[in-house]
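Numbering-wise (full-length UniProt numbering), the sequence shown opens with residue 1 and increments by one. Positions of the beta carbon are idealized from the N, C-alpha and C atoms, including for glycine. Reviewing the structure listed below.
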Amino acid sequence: MKFFIDTANLDDIKKAYKVGVLSGVTTNPSLVAKEGVKFEDRIAEILQAVPEVESVSAEVTPDAETAEEMIAQANELIKINGGDKNITIKLPMTLDGLEACRYLTKKGVKTNVTLIFTVNQALLAARAGATYVSPFLGRLDDISEDGVLLVAKIAELFRIHNLDSQIIAASVRHPDHVTRVAMAGAHIATVPFSVIAQLAKHPLTDQGMDKFAADWKNATK
Ligand code: E4P
């Protein structure tokens, strides 16, 4: 399973990229709004900051409701940085979003269908040619449903029917989500930087380092 970072915060993106574990970036209108920056400018900055990833998702804005409006926005987004091949158009899981997905896929543009909460939605998105489908597990857990189980079912469905779309486990809240979606067959988990940092930590690692440091100091004084 690969890691994407789920943020529009440039510092966090640069920190995660520097560690060397990053394969992509996902953003959404809420994440961009939180940064108080111009959407297209921030996408351009992100694309420049992470040249060696496979995908940077830029979501069409909520005022694009029809497929035509989404495609019009996508046509502007794919021109950013002179047509960066990593730009991925994130589309909502609606009939218009699917129509835009099919159109953009045929044009060779990468797509990410977002806000997926059922197996059937994932199947539709895959059939519309989505490069990525994004089930939101944390938001399902929030309403007492099992988000990881949804990811597992989608992974099984894609395997049975040889569907090429990659599953991005989204709305990931903590390290246990990461372990469980990896075991469930997600291709990618998109996570905030705080979760990447948590994944690297263990109290026994810290204790072990402290002991090595103390023993080294004793032996070399
Ligand atoms: C995914 O692409 C979304 O940006 C994201 O994971 C949403 O997560 P949230 O439920 O924490 O807002």
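### Query
DSSP state of E65, grouped into three classes?
The count along the sequence shown starts at 1 and reaches residue 65 at position 65. Reduced to three states, the DSSP call for E65 is coil.
### Query
Given a threshold of 16 other Cβ atoms within 10 Å of its Cβ, counted over all protein chains shown, does Q121 qualify as buried or as exposed?
Taking the sequence shown and counting its residues from 1, the one referred to as residue 121 is at position 121. That one is buried.
### Task
Please check the pair V195 and V181, which I expect to be a contact at CB under 8 Å, by giving their CB distance rounded to whole angstroms.
Translated into positions along the sequence shown, residue 195 becomes position 195. Translated into positions along the sequence shown, residue 181 becomes position 181. With a Cβ gap of about 12 Å, V195 and V181 do not count as contacting.
#### Entry: Close beta carbons around D146, own chain, < 8 Å, minus the five adjacent residues each side
What you label residue 146 is simply residue 146 of the sequence shown in a count that begins at 1. So the list reads L140, once near-sequence residues are dropped.
### Query
Along the chain, where does the alpha helix (DSSP H) that runs through residue 223 open and close?
Absent from the structure is residue 223, since the part of the chain shown begins at 1 and ends at 221.
### Task
Since I believe V56 is in contact with I87 (beta carbons under 8 Å), could you give me their beta-carbon distance rounded to a whole number of angstroms?
Within the sequence shown, residue 87 is the residue found at index 87, counting from 1. Within the sequence shown, residue 56 is the residue found at index 56, counting from 1. About 6 Å; that satisfies the 8 Å criterion.
### Message
Taking 8 Å as the cut-off, is the C-beta of N9 nearer than that to any heavy atom in the ligand E4P?
### Response
Along the sequence shown, read from residue 1 onward, the residue named residue 9 stands at position 9. No, the Cβ of N9 stays beyond 8 Å of every heavy atom of the ligand E4P.
### Query
When the Cα of F117 is compared with those of I188, V148, K106, which residue comes out closest?
Your numbering for residue 117 matches position 117 in the sequence shown. Nearest C-alpha to F117: V148.
### Task
Could you spell out the range, first to last residue, of the beta strand (DSSP E) harbouring E59?
Position 59 of the sequence shown holds residue 59. 55-59 is the span of the beta strand (DSSP E), which, as asked, contains E59.
### Task
Return yes when at least one heavy atom of the ligand E4P lies under 8 Å from the C-beta of L163, else no.
Translated into the one-based positions of the sequence shown, residue 163 becomes position 163. No.
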